[in-house]
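Asker: For the sequence shown, our numbering gives the first residue as 224, with consecutive numbering after it.
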Amino acid sequence: MAKDYYQILGVKKDATSEEIRQAYHQLAHKHHPDKGGDSEKFKEISEAYQVLSSPQKRSQYDQFGPAPAYGGDGGGGPSQNWDFNWSWNGQPAQENMGFDFSDLGDVFEEFFGSGGPRKRKNAQKGKDIEIAIGISLEETLRDQEKEISLEKFIKCRRCQGLGGEPGSQIKECFSCRGLGEVQQIRRTVFGSFTQLVTCPECKSEGQRPEKPCNVCHGEGRIKDREKIKIIIPAGIDQNQIIKMGGAGDQGKRGKNPGDLYVRVVVKSHPIFERKGDDLFMELPLSFSQLALGDEVEITDLAKRKIILTVPAGSEPEKILRLSDKGIPHFRGKGQGNLYVSLGIKIPQRLSPRQKELLKKIREEGI
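Here is the structure:
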């Protein structure tokens with residue numbers, strides 16, 4: 224079945240280049256294997272982006288569909304989705320012709336530029352880490368400093384991240400001559416192809432320690448716990464992410480560390496409900512307070528006492544606004560509002576006198 228690259232990226236067929244780029248970055252971040260994502264899904268997303276991000280490839284895809292599917296249902300020329308059999312010397316090819324096409328995907332990846340040096344570059348950096356941290360609604364009112372203990376890869380103290388015993392030399396890898404990659408010959412139905420793959424000796428590093436470190440065994444990093452201080456800005460909202468550059472896993476042999484992504488979870492509150500930077504609360508009042516009006520003392524989220532004036536003749540569910548009593552704007556000036564929804568409190572038990580008074584009020588038509 225032909226792949227729909229637009230559907231894979233979740234964009235329309237008339238999407239702009241910027242919309243395609245944004246969709247790709249969101250999906251790639253979500254499904255990246257280094258963050259626990261599905262490697263096959265990530266590969267599919269990357270394949271779609273490689274085609275749709277290139278005007279020439281996108282034009283060919285819109286006209287003919289994705290790359291050829293081998294062993295189709297006959298015909299010599301391309302159909303709308305390029306489902307056709309290859310012909311040799313003018314004769315239709317037999318299905319698969321006895322060849323194994325399973326490894327052609329990697330070859331085409333080389334042609335489209337999704338392999339080779341880019342993989343080496345990504346491998347040099349340590350993995351990113353994503354964690355979640357919970358805060359109360361009250362803590363969103365001002366900046367918060369949190370300290371966490373995180374288990375991750377840190378720089379080896381013995382070799383200072385170089386991977387070799389102190390005093391030993393770091394030498395160029397003999398297998399790849401410092402490139403981090405070696406050539407591999409692939410034989411397919413189209414002939415032999417040469418592609419670059421990660422060097423199995425140095426794991427794309429291009430160099431190896433003469434004598435591996437006794438602590439980290441040549442990696443330049445060890446697993447340990449590290450205390451990290453996190454500043455959570457005032458006004459942060461549910462599931463917002465704070466990026467801490469360089470606070471992820473340490474890279475191998477002195478390479479740059481990854482980043483730490485902190486997802487903030489704001490706990491629910493028993494009284495206040497947050498919508499954007501505004502707060503909402505319910506205030507149950509008696510019938511007489513609504514009918515005659517009253518001044519009621521309430522407490523806002525910052526635990527400040529406020530005198531709320533209830534106008535006479537207020538209807539249940541009437542909403543009163545208190546300006547600048549909500550959540551501070553995230554990394555901005557000012558703050559949201561507090562909205563108080565008036566309710567009516569019906570007493571469950573009445574004294575004989577209360578019943579008598581209510582009956583009189585009812586007789587007056589109120």
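Virtual Cβ for every residue (Gly too), placed ideally from N, Cα, C.
The model shown is predicted, which means the values in this text are computed figures rather than measured ones.
For Ala525, count neighbouring Cβ atoms within 10 angstroms of its own Cβ and tell me buried if that reaches 16, exposed if not.
Answerer: Looking at its Cβ environment, which holds fewer than 16 other Cβ atoms inside 10 Å, Ala525 is exposed.
Asker: Can you give the Cα-Cα distance for Glu579 and Leu515, rounded to whole angstroms?
Answerer: Glu579 and Leu515: Cα-Cα distance of roughly 20 Å.
Asker: Using a 10 Å radius around the Cβ and a threshold of 16 neighbouring Cβ atoms, would you call Phe376 buried or exposed?
Answerer: It counts as buried.
Asker: Consult DSSP for Arg544 and reduce its assignment to one of helix, strand or coil.
Answerer: In this structure, Arg544 counts as strand in the three-state DSSP scheme.
Asker: In whole angstroms, give me the CA-to-CA distance for Lys350 and Glu540.
Answerer: Looking at the two C-alpha atoms, the distance is approximately 52 Å.
Asker: Out of curiosity, what's the CA-to-CA distance linking Glu505 and Gln558?
Answerer: Distance between the alpha carbons of Glu505 and Gln558 is about 20 Å.
Asker: Excluding the five sequence neighbours on either side, which residues of its own chain have a C-beta within less than 8 Å of the C-beta of Ile268, listed in chain order?
Answerer: Once the five neighbours on either side are set aside, the close Cβ partners of Ile268 are Ile231, Leu232, Tyr247, Leu250, Ala251 and His254.
Asker: Please classify Ala271 as buried or exposed, where buried requires at least 16 neighbouring CB atoms within 10 angstroms.
Answerer: Per the 10 Å Cβ criterion, buried.
Asker: Do Gly401 and Gly477 have their C-beta atoms within less than 7 Å of each other?
Answerer: Cβ distance not < 7 Å, so Gly401 and Gly477 don't count as in contact.
Asker: I believe Glu368 touches Ile454 by the beta-carbon criterion, under 8 Å. Please report the beta-carbon distance rounded to the nearest angstrom.
Answerer: Between Ile454 and Glu368 the Cβ distance is about 6 Å, and since that is below 8 Å, they are a contact.
Asker: Am I right that Leu565 and Leu543 are in contact with their C-beta atoms under 8 Å? What's the rounded C-beta distance?
Answerer: Contact holds; Cβ gap of about 7 Å.
Asker: Apart from the five residues on each side of it in sequence, which residues of its chain come closer than 8 Å, Cβ to Cβ, to Val533?
Answerer: Excluding positions up to five away in sequence, the list reads Leu508, Gln512, Leu513, Gly516, Asp517, Glu518, Val519, Leu543 and Leu565.
Asker: Skipping 5 residues on each side, what residues in its chain have a beta carbon closer than 8 Å to that of Lys394?
Answerer: Cβ within range, chain order: Gln430, Arg431, Pro432 and Glu433.
Asker: Could you pull out every residue in the same chain whose Cβ sits closer than 7 Å to the Cβ of Asp500, ignoring the five residues on either side in sequence?
Answerer: For Asp500, where only same-chain residues beyond five positions count, the Cβ hits under 7 Å are Gly458, Gly549, Ile550, His552, Gln558 and Gly559.
Asker: Distance check for Lys226 and Lys466, CA to CA, integer angstroms please.
Answerer: Answer to the nearest angstrom: the Cα atoms are 34 Å apart.
Asker: Under 7 Å between the Cβ atoms of Ile464 and Arg497?
Answerer: Contact flag unset, no.
Asker: Consult DSSP for Glu263 and reduce its assignment to one of helix, strand or coil.
Answerer: Glu263: helix per DSSP, three-state reduction.
Asker: Could you tell me the boundaries of the alpha helix (DSSP H) in which Pro278 lies?
Answerer: Looking at the DSSP string, the run of the alpha helix (DSSP H) that includes Pro278 is Pro278 to Phe287.
Asker: Taking its Cβ as the centre, do 16 or more other Cβ atoms sit within 10 Å of Ala470, making it buried, or is it exposed?
Answerer: Buried.
Asker: Which residues mark the beginning and the end of the alpha helix (DSSP H) in which Lys582 is found?
Answerer: Segment Pro575 to Glu586, the alpha helix (DSSP H) holding Lys582.
Asker: Are the CB atoms of Gly403 and Ser427 within a distance shorter than 7 Å?
Answerer: It is a contact, given that the beta carbons lie within the stated cut-off.
Asker: Please report the straight-line C-alpha distance between Ile521 and Ile529, rounded to a whole angstrom.
Answerer: C-alpha separation (whole angstroms): 5 Å.
Asker: Classify Pro480 as buried or exposed, calling it buried when 16 or more other Cβ atoms lie within 10 Å of its own Cβ.
Answerer: That one is buried.
Asker: Give the secondary structure of Pro551 by DSSP, where H, G and I count as helix, E and B as strand, and everything else as coil.
Answerer: DSSP places Pro551 in strand when its eight states are reduced to three.
Asker: Just to confirm, are Ser398 and Ile408 a CB contact at a threshold of 7 Å?
Answerer: Not closer than 7 Å, so no.
Asker: Can you tell which of Ser240, Leu275 and Glu362 has its C-alpha closest to the C-alpha of His492?
Answerer: The shortest C-alpha separation from His492 is found at Glu362.
Asker: Looking only at its chain, what residues have a beta carbon closer than 6 Å to the beta carbon of Phe503, apart from the 5 residues adjacent to it on each side?
Answerer: For Phe503, where only same-chain residues beyond five positions count, the Cβ hits under 6 Å are Glu496 and Tyr562.
Asker: Sorted by chain position, which residues of the same chain lie with C-beta nearer than 7 Å to Phe265's C-beta, five sequence neighbours on each side aside?
Answerer: Within the same chain, Phe265 has close Cβ partners Ala251, His254, His255 and Pro256.
Asker: Consult DSSP for Thr417 and reduce its assignment to one of helix, strand or coil.
Answerer: Looking at Thr417 - three-state DSSP - the assignment turns out to be strand.
Asker: Which residues in the same chain as Ile494 place their Cβ atom closer than 6 Å to its Cβ, once the five residues preceding and following it in sequence are excluded?
Answerer: Same-chain partners within the cutoff: Met504.
Asker: State the DSSP-derived secondary structure class of Val274, mapped to helix, strand or coil.
Answerer: DSSP places Val274 in helix when its eight states are reduced to three.
Asker: Do Thr417 and Gln406 have their beta-carbon atoms positioned less than 7 Å apart in this structure?
Answerer: Against a cut-off of 7 Å, the Cβ pair of Thr417 and Gln406 comes out as a contact.
Asker: Looking at the secondary structure, which residues open and close the beta strand (DSSP E) in which Ile352 lies?
Answerer: Where Ile352 is concerned, the enclosing beta strand (DSSP E) stretches over Ile352 to Ile358.
Asker: Could you give the first and the last residue of the continuous beta strand (DSSP E) run that contains Lys394?
Answerer: From DSSP, the beta strand (DSSP E) with Lys394 extends over Ile393 to Glu395.
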